[in-house]
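In what follows, a single structure is set out as structure tokens and then discussed.
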Ligand code: HEM
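See the structure below:
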């Protein structure tokens with residue numbers, strides 16, 4: 005149940021991010037709307053709260069929790085890159101977007117494998 009909610013918030017977070025990137029290209033004025041400004045913060049807060057709840061529900065802190073730290077660090081990078089994407093223009097914007105997507109893929113892969121170095 006909690007994991008399903010976590011997964012739903014991940015999809016909503018991704019959807020709201022991509023939606024804002026599209027708006028920044030076709031109708032940036034809409035990004036000034038209060039609802040569009042606030043909604044991602046609410047979704048991302050629920051995503052983080054559901055993640056922390058899963059940590060406690062699964063008792064993950066009593067085992068090897070390096071993968072959770074890796075998820076948090078990559079999450080910070082994803083948030084910072086997301087802010088950059090909406091501020092930058094041209095090639096740099098798309099480089100930041102690609103890096104943000106890589107962070108998200110890394111977070112997902114770490115969550116599934118429970119191994120921060122799953123690629124080695
Ligand atoms: C963009 C952010 C995040 C993404 C993309 C993400 C992705 C995922 C995915 C795909 C799963 C399912 C793994 C599986 O079923 O094997 C999962 C589970 C989980 N996530 Fe996240 N997550 C994010 C944020 C967080 C945060 C911030 C935390 C906590 C600090 C967290 C902690 C957990 C825990 C503890 C599980 C449960 C693992 C299990 O019981 O198998 N997640 N996450």
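In my numbering, the protein residues as written are 5 to 124.
The C-beta atom is built at its ideal place from N, Cα and C for all residues, glycine as well.
Subject >> CB of residue 47 within 8 Å of CB of residue 76, strictly >> reply: Taking the first residue of the chain shown as 1, we reach residue 47 at position 43. Taking the first residue of the chain shown as 1, we reach residue 76 at position 72. Cβ atoms of residue 47 and residue 76: not closer than 8 Å.
**OP:** Give the straight-line distance between the Cα atoms of residue 57 and residue 41, rounded to the nearest whole angstrom.
**Re:** Taking the first residue of the chain shown as 1, we reach residue 57 at position 53. Taking the first residue of the chain shown as 1, we reach residue 41 at position 37. The straight-line gap from Cα to Cα measures roughly 26 Å.
Original post:
Count the other CB atoms within 10 Å of the CB of residue 71; is the residue buried (16 or more) or exposed (fewer)?
Top reply: What you label residue 71 is simply residue 67 of the chain shown in a count that begins at 1. Label assigned to residue 71: buried.
Original post:
So residue 114 packs on residue 74, CB below 8 Å; how close in whole Å?
Top reply: Residue mapping note: residue 114 aligns to position 110 of the chain shown, counting from 1. Residue mapping note: residue 74 aligns to position 70 of the chain shown, counting from 1. With a Cβ gap of about 5 Å, residue 114 and residue 74 count as contacting.
**OP:** Examine the ligand NAD and report whether any of its heavy atoms sits within less than 7 Å of the Cβ of residue 28.
**Re:** Summarising the ligand content, the structure contains the ligand HEM and does not contain the ligand NAD.
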